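See structure below.
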Amino acid sequence: MSMNRREFLKKLSVAGLAIPALLGPSACVAPVVGTNGDTGLSHGCLTGEVSPNGALVWVRADPGSRLLLRYGRNLSVRPDQVTAEYLVDPSSDDSVIIPLDGLEPGSRYHYRVEVVGKTPGPAASFVTAPMPEDQRKVTFCFSGDTRETYKPFTVMDAISAQRPDFFLHLGDTIYADLNGAAHRLEEFWAKYRRNRDDYATQRCFAETSVYALWDDHEVANDYMPGHPLAPTGRKAFFDYWPVRRPASEPERIFRSVRWGASVELFLLDTRQYRNPNRSSMLGRTQKEWLFETLAKSSATFKFVGTPVPMAGGGGDRWDGYPKERAELLRFIAQKKVRGVSFMSADLHCAAITKIPGSGGLIDITAGPLGAPLNRITNSAHHRYEFFLAENFNFAKITVDPKADPAEAQVEFIDQDNRVFYRRKIIAG
Ligand SMILES: [Fe+2]
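Residues 1 to 428 (my numbering) are what the sequence shown spells out, left to right.
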């Protein structure tokens, strides 16, 4: 270990992370040679919250495991680049989140997790975000809605095949209220374990980092703030998805992510701050944060991730909060915020919606990754530029900052890797 205890704890508190058990130097135990069953790891690894210089790696292992992570840039895992040792946390279902920092921007990193005394786990990798001035091309995929009875999630292999810089899950990462409703924390954890057991998901997460948002089914269908299971559902979500949170706001899920010169993501929490009496979907703090960060963003394209669609019909979606939606669209128009598009899931179909009253902005709705298809929605509705509820799918966005005029390509892709709709967005 290259860090002393004080430096290590300081780094963790700066990152706003819970401090895991810090262990003294371990007795050196020769690794057992054998199959992956000898690694002590379960459910693969997941890299989340990638920034230009850092990432959070989620791992789950046998109870009581001590583990560390060896990593390296570009072609190999370097045995001498190693984290401190961590102890899996029984209060987080024997998972632990390992922060990596001091990384090089815009680079692929490889890593292995090693449970002390066991065979090192399989190699995994991810790409760090480029710096805001970096003009390189950016590709990412997004979708939502993973219901356990629809496993295997073979569409995840199609996402891997696209080699995106990262993947965004826009919510309904589990269906806590269906197929055996979860009430206790252990039951919520079991839902996440069953979805993370999926091999296509594990293959995808082994080479693509993830940002995750939640929607209603992480707690209960169409749940509202004050729901008795909301704190339990949120705890389980944080136990299975790494989310960078300010130390002063441990329940916060909304955040922004910058990815090079061309892309900034604004990831919204459209669940835990709702107040229908005030026609507010976002709550005051999040709304003010969104307005401020959108207005000051220098990214060519600003993608706003909203788990529920901007105009998908129904009171649970933005159609139930027309006043705040109008306020947001008015703000974008009046402040002349350019290059804004919305991304959503929840509708269980692929769609491009022309948002009414927005002056031509669109909402790109993708999914489901694995859930019932929504064939009921009126596909002939005039709001839809495109609508298809025939396959499990995701959207792929490619932005080339060097194109003139600046443009983003949107592609809908199905589980067989077929592109079934394509269009461009001009930043304006
Ligand atoms: Fe869903």
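No residue lacks a Cβ here, since even glycine has one placed at the ideal position from N, Cα and C. Bear in mind that the values here come from a model prediction, so they are computed numbers and not experimental data.
Going by C-alpha distance, which of the options is nearest residue i?
i	options	result
Asn277	Gly315, Leu294, Trp241, Gly305	Gly315
Ala181	Gly233, Ala200, Gln162, Thr154	Gly233
Met310	Ala299, Ile355, Leu290	Ile355
Ala129	Ala230, Pro228, Gly260, Arg383	Gly260
Lys191	Leu178, Met281, Lys287	Leu178
Phe301	Asp80, Ala427, Asp172	Ala427
Arg325	Gly339, Thr306, Gln409, Val113	Thr306
Leu213	Ala158, Asp346, Asn53	Asp346
Asp145	Phe387, Val399, Thr173	Thr173
Arg271	Gly37, Ile97, Pro99, Gln286	Gln286
Lys336	Leu388, Lys296, Leu75, Ser95	Lys296
Ala371	Gln162, Ala350, Pro105, Glu148	Glu148
Pro228	Tyr199, Ser256, Leu185	Leu185
Arg108	Ile97, Lys151, Phe166, Val308	Phe166
Cys434	Pro246, Met156, Thr119, Asn221	Missing from the structure shown is residue 434; the chain here goes from 1 to 428 and no further.
Trp58	Phe386, Glu114, Trp241	Trp241
Asp197	Phe387, Gly102, Val243, Leu41	Leu41
Asp101	Asp93, Gly121, Arg73	Arg73
Met131	Leu294, Val263, Val399, Arg317	Val263
Glu390	Asp363, Phe420, Ala406, Asp400	Phe420
Gly117	Ala247, Glu85, Ala200	Glu85
Pro152	Gln202, Glu104, Gly106, Ser125	Gln202
What is the DSSP secondary structure of residue i, counted as helix, strand or coil?
i	result
Val410	strand
Trp241	coil
Phe254	coil
Ser91	helix
Pro231	helix
Thr39	coil
Phe153	coil
Glu114	strand
Ile159	helix
Thr146	strand
Arg383	coil
Ala200	helix
Lys402	coil
Tyr192	helix
Ala129	coil
Ala124	strand
What does residue i pair with, by DSSP beta-bridge criteria?
i	result
Cys141	Phe167, Lys396
Tyr86	Leu67
Arg78	Tyr71
Tyr211	Leu168
Ile98	Val57
Tyr223	Tyr223 pairs with nothing; no bridge assigned.
Leu388	Ala350
Leu46	Trp58
Thr365	Ser344, Ala351
Ile174	In the DSSP output, where bridge partners are listed per residue, Ile174 has none listed.
Arg418	According to DSSP, which records beta bridges pairwise, Arg418 is partnered with nothing at all.
Arg423	Val410
Arg108	Val127
Gly370	Thr146
Could you check if residue i is buried or exposed, using at least 16 other CB atoms within 10 Å of its CB as the buried criterion?
i	result
Gln135	exposed
Arg422	exposed
Gly444	Shown here, the chain extends from 1 to 428; a query on residue 444 therefore has no answer.
Ser143	buried
Arg163	exposed
Ala161	exposed
His169	buried
Ser334	Contrary to the premise, residue 334 reads as Gln rather than Ser in this sequence. Exposed, since its Cβ has fewer than 16 Cβ neighbours within 10 Å.
His348	buried
Arg418	exposed
Arg274	buried
Arg330	exposed
Pro25	The pLDDT assigned to Pro25 is 28, lower than 50, so where the model puts this residue is not dependable; a value taken from the coordinates is nonetheless given after this. The residue in question, Pro25, is exposed, as its Cβ has fewer than 16 Cβ neighbours within 10 Å.
Gly37	exposed
Pro79	exposed
Leu267	buried
Glu351	The residue you asked about is not Glu; residue 351 is Ala in the sequence shown. So Ala351 ends up on the buried side.
Asp216	buried
Tell me whether residue i, by its Cβ, gets closer than 7 Å to a heavy atom of ligand 2.
i	result
Asp363	Among the ligands modelled here, namely ligand 1, ligand 2 does not occur.
So within the stretch 257-290, which uninterrupted beta strand (DSSP E) runs reach at least 3 residues, ignoring any that extend past its ends? 263-267
Write down every uninterrupted run of the beta strand (DSSP E) in the stretch 279-363 whose length is 3 residues or greater and which is fully enclosed by it, in chain order. For the beta strand (DSSP E) assignment, the uninterrupted runs of no fewer than 3 residues enclosed by the stretch 279-363 are, from N- to C-terminal side, 301-305, 340-344, 350-354.
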